[in-house]
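Numbering-wise (my numbering), the sequence shown opens with residue 119 and increments by one.
Positions of the beta carbon are idealized from the N, C-alpha and C atoms, including for glycine.
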Amino acid sequence: MKFILFQKNVLAAVFGNSLEWYDFVLYGSLAPFIAQHFFPTQNHLTSLMLTFAVFAVGFLFRPIGGILFSHFGDTRGRRKTLIASMVLMGVPTVLIGLIPSYQTIGITAPILVLCIRVFQGLSVGGEYAGSISYLTEIAEKKDRGFYSSLVQVGLFSGILIGPIIIKVVMAFTTAQTFAAWGWRIPFLFGAILGLVAYFLCRHISETEAFMAIQKEVRHKIPLAVCLRDYKMPMIIGFLIAAQVGISFWLVIVYFVTYFSKILHASFTVVETQNLWTILIALILTPFLGKLSKVISSRMILLISSIAFIAFSYVLNRVLVNHVMTTSFYFANFCLMFFSITYLSAFSAELAALFPTQVRYSGIAFSYNTSLAIFGGLSPLVVTALIKQGVILAPGILLTIGGVLSIAALIAAKKYAKY
């Protein structure tokens with residue numbers, strides 16, 4: 119019975135994370151259509167820049183959401199906080215599918231989209247850190263690498279469901295119909311996923327680790343304790359998360375738009391390729407999580423970071439030709455593979471930097487602050503640089519992420535001990 123309850127807790131946390139990322143990634147994948155309906159201009163790159171600027175707003179509010187949710191997560195419990203963040207994410211997603219276009223209600227349309235992105239950013243800022251804290255605390259220490267990797271399984275599940283729904287809708291609509299209103303259906307489908315996630319999460323139990331510290335003197339403001347006593351772990355967490363922000367949001371999300379709008383590839387073809395990539399990620403991630411029993415999470419992250427630098431160089435070489443060659447696909451596939459590898463080991467290393475009393479706050483602040491800068495701004499910065507003629511921008515940013523990660527991981531040896 120205890121084992122069954124444990125599995126239900128794991129399933130609920132993973133599915134809740136799936137919903138969060140399904141909702142969040144739809145905006146990135148359907149950016150060309152959102153740009154057309156809510157940010158129309160004469161120049162498609164300008165429209166995309168406006169769309170990704172609003173996308174970045176969601177990231178900028180992640181640290182605020184992380185501060186709010188992590189405070190309650192460290193003082194009131196992981197369970198209630200996870201449920202609250204999930205509800206705050208699901209409702210705004212459905213609303214995006216209902217907002218009239220700019221042509222119908224004018225400037226009110228992009229303002230509403232902006233407000234929705236704020237609420238989504240607040241939600242994700244609390245949920246992701248909560249999932250990492252919850253799964254690492256219910257698992258035995260020797261299994262933390264595997265169970266913390268399930269956070270990414272939830273992530274990839276949500277991202278996989280998004281493209282699948284997009285493909286299904288595309289299959290039953292013409293290109294014109296999908297561009298006109300069909301793109302809204304995946305957002306509306308989020309209502310069904312939200313109900314399932316809610317009924318799963320409402321029955322999860324609190325972690326034993328959190329229950330144990332209730333007998334101790336609790337910190338009134340856990341984040342203040344982190345900033346005072348865990349400065350170096352916070353910096354390390356910030357820097358290793360930078361690679362997540364850059365690699366994930368460029369390679370797995372932004373490149374869908376990059377291929378279709380910059381390199382003029384078919385959106386359908388690009389979305390199909392992305393679908394297969396995410397499916398591979400979903401299958402590989404648990405196995406890579408198990409790998410941490412043989413090779414430390416830190417070593418997996420180091421190898422992945424070095425690979426990012428190497429294949430970013432290859433990507434830069436082929437981007438000069440401004441065409442989608444075999445070498446381009448190869449470099450992109452390798453970058454995707456090492457993005458998956460990095461993500462599979464990332465959560466365990468981040469959680470090990472902080473003790474139970476302040477784990478939620480430490481993870482949330484370091485991770486969300488980093489993602490706000492390196493994740494939210496990466497698509498916008500790359501689009502702006504490409505508009506100025508800097509074709510190598512994606513490879514340059516990926517290299518920067520690799521260098522920052524390597525420096526942080528070398529320093530983490532002393533501090534990742536919890």
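Give the straight-line distance between the Cα atoms of residue i and residue j, rounded to the nearest whole angstrom.
{"i": "V412", "j": "D261", "result": "12 Å"}
{"i": "S414", "j": "T222", "result": "55 Å"}
{"i": "H189", "j": "A202", "result": "13 Å"}
{"i": "L318", "j": "A330", "result": "24 Å"}
{"i": "F429", "j": "K198", "result": "42 Å"}
{"i": "F426", "j": "A289", "result": "35 Å"}
{"i": "A511", "j": "I225", "result": "32 Å"}
{"i": "A342", "j": "V132", "result": "29 Å"}
{"i": "G146", "j": "T459", "result": "22 Å"}
{"i": "L148", "j": "L232", "result": "16 Å"}
{"i": "M119", "j": "L129", "result": "Legend: pLDDT at M119 = 42, less than 50; position of this residue unreliable, value from coordinates given subsequently. When rounded, the distance between both Cα atoms is 15 Å."}
{"i": "A359", "j": "V269", "result": "15 Å"}
{"i": "A134", "j": "H155", "result": "Residue identity differs from the one stated: residue 134 is Gly in this sequence, not Ala. Straight-line Cα distance between these residues: approximately 29 Å."}
{"i": "T340", "j": "Y478", "result": "In the sequence on display, residue 340 carries Pro and not Thr. One C-alpha to the other measures close to 9 Å."}
{"i": "M167", "j": "G312", "result": "30 Å"}
{"i": "M352", "j": "E258", "result": "24 Å"}
{"i": "A297", "j": "V175", "result": "24 Å"}
{"i": "F455", "j": "S365", "result": "11 Å"}
{"i": "T159", "j": "S165", "result": "6 Å"}
{"i": "V432", "j": "A449", "result": "6 Å"}
{"i": "S266", "j": "F464", "result": "8 Å"}
{"i": "Y220", "j": "R346", "result": "47 Å"}
{"i": "V287", "j": "I277", "result": "16 Å"}
{"i": "I481", "j": "A227", "result": "34 Å"}
{"i": "I182", "j": "F237", "result": "11 Å"}
{"i": "Y316", "j": "L200", "result": "10 Å"}
{"i": "I78", "j": "A153", "result": "Limits of the chain in this structure are 119 at one end and 536 at the other, which puts residue 78 out of reach."}
{"i": "S462", "j": "W367", "result": "16 Å"}
{"i": "S136", "j": "Q475", "result": "26 Å"}
{"i": "G191", "j": "K338", "result": "12 Å"}
Does residue i come out as helix, strand or coil in the three-state DSSP assignment?
{"i": "P158", "result": "coil"}
{"i": "I225", "result": "coil"}
{"i": "E258", "result": "coil"}
{"i": "S275", "result": "helix"}
{"i": "P218", "result": "coil"}
{"i": "Y536", "result": "coil"}
{"i": "F290", "result": "coil"}
{"i": "L148", "result": "coil"}
{"i": "K80", "result": "Any question about residue 80 goes unanswered here, given that the chain covers just 119 to 536."}
Which word fits residue i, buried or exposed, when buried means at least 16 other C-beta atoms lie within 10 angstroms of its C-beta?
{"i": "R416", "result": "buried"}
{"i": "M207", "result": "buried"}
{"i": "G493", "result": "buried"}
{"i": "L527", "result": "buried"}
{"i": "D141", "result": "buried"}
{"i": "G407", "result": "buried"}
{"i": "Y68", "result": "The shown model of the chain, from 119 to 536, leaves out residue 68, and the question about it has no answer."}
{"i": "W394", "result": "exposed"}
{"i": "G519", "result": "buried"}
{"i": "W299", "result": "exposed"}
{"i": "E326", "result": "exposed"}
{"i": "I401", "result": "exposed"}
{"i": "Q332", "result": "exposed"}
{"i": "Q294", "result": "exposed"}
{"i": "G239", "result": "buried"}
{"i": "R302", "result": "buried"}
{"i": "P210", "result": "buried"}
{"i": "F173", "result": "buried"}
State the start and end residues of the unbroken alpha helix (DSSP H) segment that holds residue i.
{"i": "A309", "result": "I303 to C319"}
{"i": "I528", "result": "A511 to Y533"}
{"i": "G300", "result": "Where G300 is concerned, there is no enclosing alpha helix (DSSP H), given that its DSSP letter is neither H nor E."}
{"i": "L186", "result": "R180 to T193"}
{"i": "G208", "result": "R196 to I214"}
{"i": "G507", "result": "Run containing G507: none; DSSP gives neither H nor E here."}
{"i": "I413", "result": "Premise fails: I413 is in no alpha helix (DSSP H) and is neither H nor E."}
{"i": "E324", "result": "That residue, E324, is in no alpha helix (DSSP H); it is neither H nor E in DSSP."}
{"i": "K349", "result": "K349 to S365"}
Can we count residue i as close to the ligand MG, meaning its CB is less than 7 Å from some heavy atom?
{"i": "V205", "result": "Absence of the ligand MG is noted for the structure shown, with no ligands found whatsoever."}
Give the list of continuous alpha helix (DSSP H) stretches no shorter than 4 residues that lie fully inside the segment 460–496. 477–488
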